[in-house]
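Colleague: I have a structure here, written as structure tokens, and I will follow up with some questions on it.
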Amino acid sequence: AAPWPDTGRPRRAGVSSFGVSGTNAHVLVEQAPPTDPSPGPAAGSATAAPVPWTVSAHDPEALRAQAARLRDHLAGHPGPEPRAVARALAATRAHLDHRAVVVGSDLGELADRLDALARGRPAAGLVQGSAVTPPGRVAMLFPGQGSQRPGTGAGLSAAFPVFAHALDEVCARFDPHLDRPLRSVMAAPEGSPDAALLNRTGYTQPALFALGVALHRLLAAHGIVPDLLMGHSVGEITAAHTAGVLDLPDACALVAARGRLMQALPPGGAMAAVGAAEEEVAASLAGYAGRVAVAAVNGPSSVVVSGDADAVAEVTASWAERGARTRRLKVDRAFHSPRMDPMLDAFAHVVGATALNAPVRPVVSNLTGRLLSAEEATDPGYWVRHAREPVRFADGVRRLRSEGAGVLLELGPAGTLTVLAHDCLAADGGAVPALIPLLGTDAAEPDLVVRALAEAHVRGVGVDWTPFFAGADTADLPTYAFQRRRYWLSADAPGTASGRAPEAPPVPDAAEPDTDGPGRTPLDLVRDATAAVLGHGSPDAVDPARGFMEAGVDSLAALRLRNRLAAATGLDLATTVAFDHPNPTALARHLAELSAEAGSDGREVPGLDALEAALSSAPLDDAARERTSRRLRGLLALLERSGADRADGLPDVDGATDDELFDLLDEEFGIS
């Protein structure tokens, strides 16, 4: 190397590479401009939130190799600031089709999860996915009453200034309409007097609206805006505000009036979910006219009934005797039932005095399951009927899918709508969009939101990661983990098609990914996935005999567990698989049975496709044929001992031709 004198102009150079057959490559490089010292975190940056490290590659093997290369680089260059690494990964690297995001609060956590990615193992804070196909349109869902939880939003306010500012603004708009400051009610710890107010309709509905609006602004700050909107009951008013139907002051006044008028109704109402079809449930209410009504249709076999508490109890008891699942909802009034009738006139007066606009973004209607028209959105009568008539959530979710929604984000305290939407769409058949709740109960709020952003990113949704590393330097990173496949031209060999140059196996890379895959049992898979869902650092923390519910797996966590296992095994698993097989041992047994029923398609033998490709790329001489014969005999004997794909006897392969050897692979391993 020789020093390059400074001439006062940027240094530039041309680099050329000359290959065979006239193949030339040229690139011009220029000296990088000087950079100023980092100015420090910008206002509104999320520097108190967990750190996301985005990793990507052209294929899954390269993704693991890239993670291994980064892991080894960091081990050899200790001390980088995690946000500097995040900046370099997000801002100076292309986001390729096969993606992962490693989320952690410190360098140790991030390194451990990066190691899990390199080894092909699941881990809490590790999100993987593919953006090979376009993600489709982004839909946002806003839940209704029954999803509220004390303390929701407190963790996000501490980690994300943009969320805290939005929540403060919306709560301040509500305070003139409420007896207690909404912010203090939402932040109150469970068991306190203020927290008890959160279950009163007059506070529940404003709290859900405020949370939904703040979450929407948080997503917008990270570059995610909705193509479609939908709510459940009062959640549709949040969606309508987001779509421009109501400005913020009018929306807050309307929601406060709605909740206040409903709260003023006499007590004595109840709501319950029934696991049966709408037609069957409606028929069972024939003797309860004016007392119980269908309040919501959430899926093909998921209906909510609402009305007088004693009548609802009778209806649910009858369905329980018939074997249906029933559940009393956490509400203090019977919404969408005849018990709402006394407040409708007063509510009509409020809506009539409210400015209503045509939506600027598509909103799916609760009443029809279709896109909300400008005429409906600006009709006060629509919003009055909306408070009384059934919520047709299942029809609405189907509409979202038919409108091209490929990613559904739930903006609420938990994953209530996520579970309902998955059950509905899975029962209908066809592709199920990615369903991503922003919040839940299985981790701290900031971690959950960053993971939700990661889930969107790995599916191809554009995410602006800048707020996470605002003001940070840019760390040095290793280069891409190329798989180094060579394509040299060679003379045709006997048995090789003319003009075909066999592909050599990949050259081993220093960052070859580690994997613990071979030999892992179904129980290993279940314990790994359960540990990742529950945030345990090791699968050893998962007791194989302990029930999932006892271990803290709720409905949303059960869905996440199902999704991880389905992705790992390729099996079509029921949404309720973690409840039908209530502990890791039982679920592992179920996976083994399903795998046996599905039969072997060759995927159970890692590297078999590579073996076939290697054998096909070059003919076998006598010595190679003898070695291959011995290996094949050993493999067949292993299969005989395991009882898998049992053959009628070990075939004689000593004198087999190349074609006969491949026929044997096809016959014994199901390769075609």
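End of the sequence shown = 2087 in the working numbering, gap-free, step of one. In this text, a Cβ means the ideal position worked out from N, Cα and C, and glycines have one as well.
Between which two residues does the beta strand (DSSP E) harbouring Asn-1978 extend?
Modeller: On the sequence shown, position 563 is the one that residue 1978 refers to. Premise fails: Asn-1978 lies in the alpha helix (DSSP H), 1970-1984, not in any beta strand (DSSP E).
Colleague: DSSP on Met-1645, reduced to helix/strand/coil?
Modeller: Working through the sequence shown from its first residue, we reach residue 1645 at position 230. Residue state, collapsed to three classes: strand.
Colleague: For Ala-1960, count the other beta carbons within 10 Å of its own beta carbon; 16 or more makes it buried, fewer makes it exposed. Which is it?
Modeller: For the purposes of this step, residue 1960 is taken as residue 545 along the sequence shown, with counting starting at 1. Counting Cβ neighbours within 10 Å, Ala-1960 comes out exposed, since fewer than 16 surround it.
Colleague: Return the bridge partner residues of Trp-1734 from the DSSP annotation.
Modeller: Position 319 of the sequence shown holds residue 1734. Bridge partners of Trp-1734: none, in fact.
Colleague: Glu-1791 lies in the beta strand (DSSP E); which residues open and close that run?
Modeller: Along the sequence shown, one-based indexing puts residue 1791 at 376. Note, Glu-1791: premise wrong, no beta strand (DSSP E); alpha helix (DSSP H) at 1789-1792.
Colleague: Nearest-angstrom Cα distance between Phe-1433 and Arg-2004?
Modeller: Counting from 1 along the sequence shown, the entry for residue 1433 is found at position 18. Counting from 1 along the sequence shown, the entry for residue 2004 is found at position 589. Roughly 58 Å separates the two Cα atoms.
Colleague: Go through the region 1680-1735 residue by residue and report every complete run of the beta strand (DSSP E) that reaches 3 residues or more, in order.
Modeller: The qualifying runs are 1684-1689, 1707-1714 and 1717-1723.
Colleague: Using 8 Å as the threshold, is the C-beta distance between Phe-1808 and His-1647 below it?
Modeller: Position 393 of the sequence shown, counted from the start, is the residue given in the question as residue 1808. Position 232 of the sequence shown, counted from the start, is the residue given in the question as residue 1647. Yes; because the gap between Cβ atoms is below 8 Å, this pair is in contact.
Colleague: First and last residue of the beta strand (DSSP E) that includes Pro-1475?
Modeller: Position 60 of the sequence shown, counted from the first residue, corresponds to residue 1475. That residue, Pro-1475, is in no beta strand (DSSP E); its alpha helix (DSSP H) goes 1475-1491.
Colleague: Just curious, the alpha helix (DSSP H) that Ile-1652 is in, first and last residue?
Modeller: Here the question's residue 1652 lines up with position 237 in the sequence shown. Here the alpha helix (DSSP H) through Ile-1652 covers 1650-1657.
Colleague: Which first and last residues belong to the alpha helix (DSSP H) in which Thr-1619 is found?
Modeller: Position 204 of the sequence shown holds residue 1619. 1616-1636 is the span of the alpha helix (DSSP H), which, as asked, contains Thr-1619.
Colleague: Does DSSP put Pro-1848 in a helix, in a strand, or in coil?
Modeller: As a first step, residue 1848 is located in the sequence shown; it is residue number 433 there, counting from the start. In this structure, Pro-1848 counts as coil in the three-state DSSP scheme.
Colleague: Using a Cβ-Cβ cut-off of 6 Å (strictly less than) and excluding sequence neighbours within five positions of Thr-1657, which residues of its own chain qualify?
Modeller: As a first step, residue 1657 is located in the sequence shown; it is residue number 242 there, counting from the start. Hits under 6 Å: His-1631 and Leu-1644.
Colleague: Look at the alpha carbon of Tyr-1895 and the alpha carbon of Val-1834, and state the distance between them as a whole number of angstroms.
Modeller: In the sequence shown, counting from the first residue as 1, residue 1895 sits at position 480. In the sequence shown, counting from the first residue as 1, residue 1834 sits at position 419. The alpha-carbon atoms of Tyr-1895 and Val-1834 are separated by roughly 38 Å.
Colleague: Residue range of the alpha helix (DSSP H) that Ser-1599 falls in?
Modeller: The residue given as residue 1599 occupies position 184 in the sequence shown. Run containing Ser-1599: 1597-1602, per the alpha helix (DSSP H) assignment.
Colleague: Nearest to Ala-1539 by CA position, among Thr-1991, Arg-1979, Ala-2001 and Leu-1986, is which residue?
Modeller: In the sequence shown, residue 1539 corresponds to position 124, counting from 1. Answer by Cα proximity: Arg-1979.
Colleague: Could you tell me whether the region 1677-1696 touches the region 1595-1608, where touching means 3 or more Cβ pairs closer than 8 Å?
Modeller: They do not touch, by the three-pair rule.
Colleague: What residue range is occupied by the uninterrupted beta strand (DSSP E) comprising Ser-2010?
Modeller: One-based indexing of the sequence shown puts residue 2010 at position 595. That residue, Ser-2010, is in no beta strand (DSSP E); its alpha helix (DSSP H) goes 1999-2013.
Colleague: At the level of alpha carbons, what is the spacing between Thr-1469 and Ala-1515?
Modeller: Counted from its first residue, the sequence shown places residue 1469 at position 54. Counted from its first residue, the sequence shown places residue 1515 at position 100. Going from the Cα of Thr-1469 to the Cα of Ala-1515 covers about 6 Å.
Colleague: Roughly how many angstroms lie between the CA atoms of Gly-1962 and Val-1712, to the nearest whole one?
Modeller: Position 547 of the sequence shown holds residue 1962. Position 297 of the sequence shown holds residue 1712. Looking at the two C-alpha atoms, the distance is approximately 31 Å.
Colleague: Going by Cα to Cα distance, which pick from Glu-1729, Val-1847, Gln-1560 and Pro-1604 is closest to Gly-1617?
Modeller: Here residue 1617 is taken as the residue at index 202 of the sequence shown, counted from 1. For the residues Glu-1729, Val-1847, Gln-1560 and Pro-1604, the minimum Cα distance to Gly-1617 belongs to Gln-1560.
Colleague: Do you know offhand how far Val-1766's Cα is from Asp-1590's?
Modeller: For the purposes of this step, residue 1766 is taken as residue 351 along the sequence shown, with counting starting at 1. For the purposes of this step, residue 1590 is taken as residue 175 along the sequence shown, with counting starting at 1. Taking the straight line from one Cα to the other gives about 20 Å.
Colleague: Compare the beta carbon distance of Ala-1691 and Ser-1716 with 8 Å and say whether it is the shorter of the two.
Modeller: Start at 1 with the first residue of the sequence shown, and residue 1691 comes out as number 276. Start at 1 with the first residue of the sequence shown, and residue 1716 comes out as number 301. Their beta carbons are under 8 Å apart, which means Ala-1691 touches Ser-1716 by this criterion.
Colleague: Can you round the beta-carbon distance between Val-1542 and Gly-1659 to whole angstroms, since I take them to be within the 8 Å contact cut?
Modeller: Taking the sequence shown and counting its residues from 1, the one referred to as residue 1542 is at position 127. Taking the sequence shown and counting its residues from 1, the one referred to as residue 1659 is at position 244. Going by Cβ atoms, the distance from Val-1542 to Gly-1659 rounds to 32 Å, so no, they are not a contact pair.
Colleague: For Arg-1427, which of helix, strand or coil comes out of DSSP?
Modeller: In the sequence shown, counting from the first residue as 1, residue 1427 sits at position 12. Three-state DSSP puts Arg-1427 in a strand.
Colleague: Out of His-1473, Pro-1465 and Ala-1526, state which residue places its alpha-carbon closest to the alpha-carbon of Gly-1491.
Modeller: On the sequence shown, residue 1491 is found 76 positions in, with the first residue counted as 1. It is Ala-1526 whose Cα lies nearest to the Cα of Gly-1491.
Colleague: With DSSP as the reference, identify every bridge partner of Phe-1433, one or two as the case may be.
Modeller: What you label residue 1433 is simply residue 18 of the sequence shown in a count that begins at 1. Per DSSP, Asn-1439.
Colleague: Note the first and the last residue of the continuous beta strand (DSSP E) segment covering Val-1516.
Modeller: Translated into positions along the sequence shown, residue 1516 becomes position 101. Segment 1513-1519, the beta strand (DSSP E) holding Val-1516.
Colleague: To test your reading of the DSSP string, which unbroken beta strand (DSSP E) runs of 3 or more residues are found completely within the region 1508-1567?
Modeller: Fully enclosed beta strand (DSSP E) runs of 3 or longer: 1513-1519, 1541-1545 and 1552-1557.
Colleague: Consult DSSP for Pro-1817 and reduce its assignment to one of helix, strand or coil.
Modeller: For the purposes of this step, residue 1817 is identified with residue 402 of the sequence shown, where counting begins at 1. Checking the sequence, you will find Ser at residue 1817 rather than Pro. Reduced to three states, the DSSP call for Ser-1817 is helix.
Colleague: Under 8 Å: do the region 1475-1485 and the region 1518-1538 share three or more Cβ pairs, one atom per stretch?
Modeller: Counting Cβ pairs under 8 Å, three or more are found: they touch.
Colleague: Is it true that the CB of Val-1466 sits closer than 8 Å to the CB of Pro-1497?
Modeller: Position 82 of the sequence shown holds residue 1497. Position 51 of the sequence shown holds residue 1466. Yes. Within cutoff.
Colleague: By Cβ distance below 6 Å, which residues in the same chain neighbour Thr-1422 in space, the five residues on each side in sequence not counted?
Modeller: Position 7 of the sequence shown holds residue 1422. Result list for Thr-1422: empty, nothing under 6 Å.
Colleague: To which residues of the same chain is Asn-1439 closer than 6 Å at the C-beta, ignoring the five residues directly before and after it?
Modeller: What you label residue 1439 is simply residue 24 of the sequence shown in a count that begins at 1. Correct list, in chain order: Phe-1433.
Colleague: Under 8 Å between the Cβ atoms of Phe-1750 and Ser-1780?
Modeller: Here residue 1750 is taken as the residue at index 335 of the sequence shown, counted from 1. Here residue 1780 is taken as the residue at index 365 of the sequence shown, counted from 1. No. Outside cutoff.
Colleague: Assign Asp-2060 to one of three DSSP states: helix, strand, or coil.
Modeller: The residue you call residue 2060 lines up with position 645 of the sequence shown. Bear in mind that a pLDDT of 44 at Asp-2060, under 50, signals an unreliable position, so the number given afterwards is only what the model happens to contain. Reduced to three states, the DSSP call for Asp-2060 is coil.
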